[in-house]
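Visitor: FYI, the numbering for the sequence shown is 1 to 1047, going by the UniProt record's numbering.
Ideal Cβ placement from N, Cα and C applies to all residues, glycine included.
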Amino acid sequence: MMVQDCIARSQAPAPPPAHHRTPAGQAFGGGSSNEKLYSGTLQLPKTAFPMAASPEKREKLFRRRTTYELYAWQRENNTGPSFVLHDGPPYANGPLHIGHALNKILKDVIIRYHMLQGRRVHFAPGWDCHGLPIELKALGTLSSEGAPPTQDPLALRAEARRIAETEIDGQRLGFRSFALMANWAEQSTYRTFDLTYELKQLQIFREMVHKGLIYRAYKPVYWSHASRSALAEAELEYHEDFMSHTVFVRYPMQIGPQLRQAMMNEPGSAALANARKPISALIWTTTPWTLPSNKAVAVNPELDYSLVRVQEGPMQGETFFIGTDRIGFLSNLKLPGSDAGGNRYRVGPMEELVVVKGAQLLDSTYRHCFLPDDAEPRPILPASYVTASSGTGLVHTAPAHGAEDYELWREHGALRREQLFSPIDDEGRYTEQLRELSGGAENLIGYMAGHRGDALVIKLLEANDALFMSWHLKHSVPIDWRLKQPVMVRATSQWFADVGKIKNRALQALEKVNFFPASGKARLQSLVSGRAEWCISRQRAWGVPIPVLYDADTEEALITPENVDHIIAVLAEKGTDYWWEGAADEFVAPQYRDDFKAWRKGTDTIDVWFDSGSSWANLAEQVGAEREGQPLADVYFEGTDQHRGWFQSSLLTRIAMQDTSSQAAESVLAPYANVVTHGFVTDRRGWKMSKSLKNVLGPEFFIDGGHKRNDPAYGADPLRFWAASADYTRSVPIGTLIIKHADQALRKIRNTARFMLANISTAEIPSLEDVELSLLNRYMLHEMYVLDRDVRTAYETFDFASVVRKITHTANNLLSAFYLDIAKDILYADRANSEQRKAVLAVTDQILRLYTSVLAPITPHLAEEIHHFRADQPVDPQPKEAGAVSFFHSRWQGVDERWRDEDAAAQMHPMLELKNGIFAALEIGRKDGLLKAALETDVVIDLDASTNEALKGILERNGEELSTIFLVSHVHLSKDKVARTASAAGAYSIPAVHSGIAFEIRPSIGHKCARCRTYRKAVVEDRLCGRCEDAVQIYEAANGPITTTSP
1 MMVQDCIARS
11 QAPAPPPAHH
21 RTPAGQAFGG
31 GSSNEKLYSG
41 TLQLPKTAFP
51 MAASPEKREK
61 LFRRRTTYEL
71 YAWQRENNTG
81 PSFVLHDGPP
91 YANGPLHIGH
101 ALNKILKDVI
111 IRYHMLQGRR
121 VHFAPGWDCH
131 GLPIELKALG
141 TLSSEGAPPT
151 QDPLALRAEA
161 RRIAETEIDG
171 QRLGFRSFAL
181 MANWAEQSTY
191 RTFDLTYELK
201 QLQIFREMVH
211 KGLIYRAYKP
221 VYWSHASRSA
231 LAEAELEYHE
241 DFMSHTVFVR
251 YPMQIGPQLR
261 QAMMNEPGSA
271 ALANARKPIS
281 ALIWTTTPWT
291 LPSNKAVAVN
301 PELDYSLVRV
311 QEGPMQGETF
321 FIGTDRIGFL
331 SNLKLPGSDA
341 GGNRYRVGPM
351 EELVVVKGAQ
361 LLDSTYRHCF
371 LPDDAEPRPI
381 LPASYVTASS
391 GTGLVHTAPA
401 HGAEDYELWR
411 EHGALRREQL
421 FSPIDDEGRY
431 TEQLRELSGG
441 AENLIGYMAG
451 HRGDALVIKL
461 LEANDALFMS
471 WHLKHSVPID
481 WRLKQPVMVR
491 ATSQWFADVG
501 KIKNRALQAL
511 EKVNFFPASG
521 KARLQSLVSG
531 RAEWCISRQR
541 AWGVPIPVLY
551 DADTEEALIT
561 PENVDHIIAV
571 LAEKGTDYWW
581 EGAADEFVAP
591 QYRDDFKAWR
601 KGTDTIDVWF
611 DSGSSWANLA
621 EQVGAEREGQ
631 PLADVYFEGT
641 DQHRGWFQSS
651 LLTRIAMQDT
661 SSQAAESVLA
671 PYANVVTHGF
681 VTDRRGWKMS
691 KSLKNVLGPE
701 FFIDGGHKRN
711 DPAYGADPLR
721 FWAASADYTR
731 SVPIGTLIIK
741 HADQALRKIR
751 NTARFMLANI
761 STAEIPSLED
771 VELSLLNRYM
781 LHEMYVLDRD
791 VRTAYETFDF
801 ASVVRKITHT
811 ANNLLSAFYL
821 DIAKDILYAD
831 RANSEQRKAV
841 LAVTDQILRL
851 YTSVLAPITP
861 HLAEEIHHFR
871 ADQPVDPQPK
881 EAGAVSFFHS
891 RWQGVDERWR
901 DEDAAAQMHP
911 MLELKNGIFA
921 ALEIGRKDGL
931 LKAALETDVV
941 IDLDASTNEA
951 LKGILERNGE
961 ELSTIFLVSH
971 VHLSKDKVAR
981 TASAAGAYSI
991 PAVHSGIAFE
1001 IRPSIGHKCA
1011 RCRTYRKAVV
1021 EDRLCGRCED
1031 AVQIYEAANG
1041 PITTTSP
């Protein structure tokens, strides 16, 4: 297939229409025998650049020069300012999924662009290695081998390390297949289980101890009974449609003096003497399993509360306090069972007996069914967070099982009088502590609490006549983000970081950060603002140990900066495994040693978010000197879920290490200057990828191909093109058809590059300064300047989809369907050294340089291939060829400001609009059978009948270029100058008006040239048109006369 055929196939279905172009399968000089006679005189395109990418065979030929060799080259040769993209470490567990591809590819696009700008890029891939999933795998392996893993943390840690290392090796191979510019050698990456990394993390912990930011408390935390460990908020997801029990429970009240007085002053209070049951506080909860731990009821002192009596139905006579605004809601609640007519029972109408403010309830108390007879009644406490928007307005309070409950209990000094009651063990089961209660609570011992325990507690409430009603409710509950199991809130002794002391500084630092999309800023600010503490201890063995010792007798913790320093020194010499191996006394600094005191080591490890959030310290060691006074990283780029995770933990640990004095407020910096977030990858229907739905497609499926014939190997470039073209700020769909379309779009871009290569690779290209530029060429340079400017802005603002749109439009519309369609006549048919042809070559060369620059960050293989064949290489590079010159070595090849030409654009835009009108008229003639090709025609423009004075002036100034731009044989600007053919046979006229210009399409006054096929031959007897005759004579002077027997 000829190069021009390739172009015809690569064009988008945009104007100009196909009839005006060189017909597919018919080359210049082709067709009749007379036309073939001159084919050897044409400057036909030639290149070894193949039409098909054949990625399964050929990408690897260009991979080395554009990946790890390039990373090393730019570190040594780029002298511009540093650019740091800090890699958020993926978890080292399992094969890569398509979300990994989206993330790593877009990161690579960013660093490649900045490398092309001459910046010295730092990008060190990392892995997050500690944590539960790997530990569970290790436990499973050890259990299958018959070992008791829970009793041998060293064996567990060794197996976990082995698993992590194996997974890293597999993921590294996968990442390399994405063509990432990085050094994947172990010394150039980071792993959170490396001792040097762990020691930096412990230094951060030590500094936080020094600043009083680390403390231990017995308080409610999120607890995963499935993993038997505390969790931080960042480790939670939410199940939005979880079905659980909800209950209304009677708490019999002991009326206090203030409330009694208020009741006596209300009308209807005398009816209280006839109450069938004692007055209750009616509470509502969606966690019945926590009711044995009830310590108080919370009310809003500003809200109105009513004492009501149910007037009819199964609940008739019930008397209780509820929020006044909740009466209507409760009256209409459906009850189990129905009447004789089949109608569901309802609670029924209520008589309002007394209305008081919540503040008037506070001197009353109550008892619940699990409270022992000898126990003090429970208090009613004021809480502003109580609302009348749900429930009853009276809130069950269990300080051991809720953060708000705990704070309320603490604020009222109750913690000093009474310990928290949390009768739940690490497995989530009720404990022997329930024997301290009444009401049959001991029957719960050994059973699962949490949502599974709700039904058991409800039975006890019924048995004690405390249950008013219950039903099932769909609502949002927190779940363990890794195990996908519901979590509970329970009081345990944990270590915390005091976020409250540093969050104002963190928020100040965020004001200096740019977010893409912008909504990410408010989201992260909200998460930081709403956080008072961070539970950093985990009850696991696979992690970095919390460096704390406990007095064996008193359980008092030894955690001072000096002792943490001593522990760090020991672990630096012997490794963190030694924490589980060495004697406790070895970890006691000399100044704390006492012959009469025994110590034990803590068994908790540090939260994995603290692990990964400390990665900036590793970065600081590598780039800190060159980043003085600015954030360590220019960019953090991760999934949107990392607002809760890595973005936040990195910020907090970084701020904790900086000077927190008031004088240093302006110098507080986040670890990042820009935070960019992407959505999750879904299937083509927008569904989450899941093994159960059988819609999971890994990146290797698209790169290497599937097992079926219709699942081809697309290679890395089409996958990268898909990633860059997506609106990553939302969920990003992928599927076989989506990648196929990406491949087709990239193929058109490839073939446009092939055409330009084929015309310039063998030619001597003059500089733009040495050629005379026509209006068309000036316009194209201006358009390339605009493209250059706009694409750079898009890359700088992480708008990769805009880059793809612009380069696709440029390839399909501005180049294939316009400029190159015009230029090929000049390139093929002009003599080799014509001024017009040299100008086109110079402009095309500049276009190709920019074109390749725009593509290079997204499709590096294609860029390298263009660069290779741009040097007129006859064949592909050799496999494993080392040290090849990369396109990226030339850096970004943009368009200079001097080629900005607003005047050319102002003239061309109305001419191109007129061109659309001319094409429309040509299409009418083609459909009517009047003509076959645009080159058969002339355009006659009647200036006298035209009304667009500005465009008339443009046409008159550029008359010599009009036939070239409009792709017809002649353009005449006045009827009077047109010599009409005398023969009536085949004569036609297609009049039209467009853009205020009156014109006609007529048969050309010239005759067809056998060499270029334009109708510009003046006399039928002439051998060729004037241009072609000139070119052929030069050819004949060098090669001899052309005859019918010429080769």
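1. Run the CB neighbour count on residue 471, radius 10 Å, all protein chains shown included, and call it buried at 16 or more, exposed below.
2. When you compare each of 846, 249 and 873 to residue 458 by their alpha carbons, which one comes out closest?
3. Runs of 4 residues minimum, wholly inside the stretch 196-262: which ones carry the alpha helix (DSSP H) assignment?
4. Quick check on residue 945: does DSSP put it in helix, strand or coil?
5. Let me know the alpha helix (DSSP H) ranges lying completely inside the stretch 325-381, each 4 residues or longer, listed in chain order.
6. Thinking C-beta only, is residue 760 closer than 8 angstroms to residue 844?
7. Within the stretch 500-567, note down every full alpha helix (DSSP H) run reaching 4 residues or more, in order along the chain.
8. Among 101, 290, 115 and 392, whose alpha-carbon lies nearest the alpha-carbon of residue 79?
9. Tell me the rounded alpha-carbon separation between residue 350 and residue 323.
10. To which residues does DSSP link residue 281 through a beta bridge?
11. Determine the direct distance from the alpha carbon of residue 731 to that of residue 517, and round the result to whole angstroms.
12. Would you report the Cα separation of residue 258 and residue 365, rounded to the nearest angstrom?
13. Name the DSSP bridge partner or partners of residue 688?
14. Taking the DSSP output, what are the residues bridged to residue 733?
15. Going by CA-CA distance only, name the one from 882, 583 and 83 that's closest to residue 674.
16. Taking just the CA atoms, how far does residue 359 sit from residue 287?
17. Could you work out which residue in 317, 187, 153 and 71 is closest to residue 539 when comparing CA atoms only?
18. If I'm right that residue 548 touches residue 602 with Cβ under 8 angstroms, what's the distance once you round it to whole angstroms?
19. Along the chain, where does the beta strand (DSSP E) containing residue 636 start, and where does it finish?
20. The alpha helix (DSSP H) with residue 66 in it runs from where to where?
21. Using 8 angstroms for Cβ pairs, my map puts residue 994 next to residue 917. What's the rounded Cβ distance?
22. With which residues is residue 1037 paired in a DSSP beta bridge?
23. How big is the Cα-Cα spacing for residue 325 and residue 519?
24. My guess is that residue 371 and residue 422 are in contact by the Cβ rule of under 8 angstroms, so how many angstroms apart are they, rounded?
25. Would residue 537 and residue 745 qualify as a contact pair, given that the criterion is a beta-carbon distance under 8 angstroms?
26. Within the same chain, show all residues whose beta-carbon is closer than 6 angstroms to that of residue 105, passing over the 5 residues directly before and after it, in chain order.
27. If you run the structure through DSSP and keep just helix, strand and coil, what is residue 892?
28. Only counting the same chain, and skipping five residues up and downstream in sequence, which positions put a Cβ closer than 6 angstroms to that of residue 1062?
29. In chain order, which continuous runs of the beta strand (DSSP E) of length 3 or greater are located wholly inside the stretch 453-479?
30. Just list the residues that DSSP pairs residue 952 with in beta bridges.
31. Residue 489 and residue 220: beta carbons closer than 8 angstroms?
32. Taking all protein chains shown into account, decide if residue 289 is buried (16 or more other Cβ within 10 angstroms of its Cβ) or exposed.
33. DSSP has residue 1000 in a bridge; who is on the other side?
34. With DSSP as the reference, label residue 1136 as helix, strand or coil.
35. Helix or strand or just coil, what does DSSP make of residue 52?
36. Can the beta-carbon of residue 200 be found closer than 8 angstroms to that of residue 617?
Guide: According to the structure shown:
1. Translated into the one-based positions of the sequence shown, residue 471 becomes position 471. Exposed, by the Cβ-count rule.
2. Here residue 458 corresponds to residue number 458 of the sequence shown, with the count starting at 1. It is 249 whose Cα lies nearest to the Cα of residue 458.
3. none
4. Taking the first residue of the sequence shown as 1, we reach residue 945 at position 945. In this structure, residue 945 counts as coil in the three-state DSSP scheme.
5. 327-331
6. Your numbering for residue 844 matches position 844 in the sequence shown. Your numbering for residue 760 matches position 760 in the sequence shown. Contact flag set, yes.
7. 503-510 and 519-529
8. In the sequence shown, residue 79 corresponds to position 79, counting from 1. Nearest of 101, 290, 115 and 392 to residue 79, Cα basis: 115.
9. Along the sequence shown, read from residue 1 onward, the residue named residue 350 stands at position 350. Along the sequence shown, read from residue 1 onward, the residue named residue 323 stands at position 323. So the two alpha carbons sit approximately 13 angstroms from each other.
10. Your numbering for residue 281 matches position 281 in the sequence shown. According to DSSP, residue 281 bridges with 251 and 321.
11. As a working mapping, residue 517 is identified with position 517 in the sequence shown. As a working mapping, residue 731 is identified with position 731 in the sequence shown. When rounded, the distance between both Cα atoms is 13 angstroms.
12. Position 258 of the sequence shown, counted from the start, is the residue given in the question as residue 258. Position 365 of the sequence shown, counted from the start, is the residue given in the question as residue 365. About 12 angstroms.
13. By one-based count along the sequence shown, residue 688 stands at place 688. Paired residues: 682.
14. The residue labelled residue 733 in the question sits at position 733 within the sequence shown. Its beta-bridge partners are 682.
15. Translated into the one-based positions of the sequence shown, residue 674 becomes position 674. Looking at the Cα atoms, 83 is the closest of the given residues.
16. As a first step, residue 287 must be located in the sequence shown, where it is residue number 287. As a first step, residue 359 must be located in the sequence shown, where it is residue number 359. Each residue's Cα considered, the two are about 26 angstroms apart.
17. One-based indexing of the sequence shown puts residue 539 at position 539. Answer by Cα proximity: 153.
18. The sequence position of residue 548 within the sequence shown is 548, counting from 1. The sequence position of residue 602 within the sequence shown is 602, counting from 1. Contact flag correct, Cβ pair sits at about 4 angstroms.
19. For the purposes of this step, residue 636 is taken as the residue at position 636 of the sequence shown. That run of the beta strand (DSSP E) goes 633-639.
20. Within the sequence shown, numbered from 1, the residue matching residue 66 stands at position 66. Here the alpha helix (DSSP H) through residue 66 covers 55-66.
21. The residue labelled residue 994 in the question sits at position 994 within the sequence shown. The residue labelled residue 917 in the question sits at position 917 within the sequence shown. Confirmed, Cβ separation roughly 3 angstroms.
22. Taking the first residue of the sequence shown as position 1, residue 1037 is located at position 1037. Answer is none; residue 1037 lacks a bridge partner.
23. As a first step, residue 325 is located in the sequence shown; it is residue number 325 there, counting from the start. As a first step, residue 519 is located in the sequence shown; it is residue number 519 there, counting from the start. Distance between the alpha carbons of residue 325 and residue 519 is about 36 angstroms.
24. In the sequence shown, counting from the first residue as 1, residue 371 sits at position 371. In the sequence shown, counting from the first residue as 1, residue 422 sits at position 422. So it is not a contact: roughly 16 angstroms between Cβ atoms.
25. Start at 1 with the first residue of the sequence shown, and residue 537 comes out as number 537. Start at 1 with the first residue of the sequence shown, and residue 745 comes out as number 745. No; because the gap between Cβ atoms is not below 8 angstroms, this pair is not in contact.
26. Residue numbering aside, residue 105 sits at position 105 when the sequence shown is read from its first letter. Same-chain partners within the cutoff: 178, 720 and 723.
27. On the sequence shown, residue 892 is found 892 positions in, with the first residue counted as 1. Three-state result, residue 892: coil.
28. In the structure displayed, the chain extends from 1 to 1047; residue 1062 sits before or after that span and is not available.
29. none
30. For the purposes of this step, residue 952 is taken as residue 952 along the sequence shown, with counting starting at 1. BP columns for residue 952 are empty, so no partner.
31. On the sequence shown, residue 489 is found 489 positions in, with the first residue counted as 1. On the sequence shown, residue 220 is found 220 positions in, with the first residue counted as 1. Yes, these two residues count as a Cβ contact at 8 angstroms.
32. For this step, residue 289 is matched to residue 289 along the sequence shown. So residue 289 ends up on the buried side.
33. Here residue 1000 refers to the residue found at position 1000 when the sequence shown is read from its first residue. Residue 1000 is bridged to 940 and 991.
34. With the chain covering 1 to 1047 only, the question about residue 1136 has no answer from this structure.
35. Position 52 of the sequence shown, counting from 1, holds the residue named residue 52. Residue 52 falls in the coil class under three-state DSSP.
36. Counting from 1 along the sequence shown, the entry for residue 200 is found at position 200. Counting from 1 along the sequence shown, the entry for residue 617 is found at position 617. Yes.
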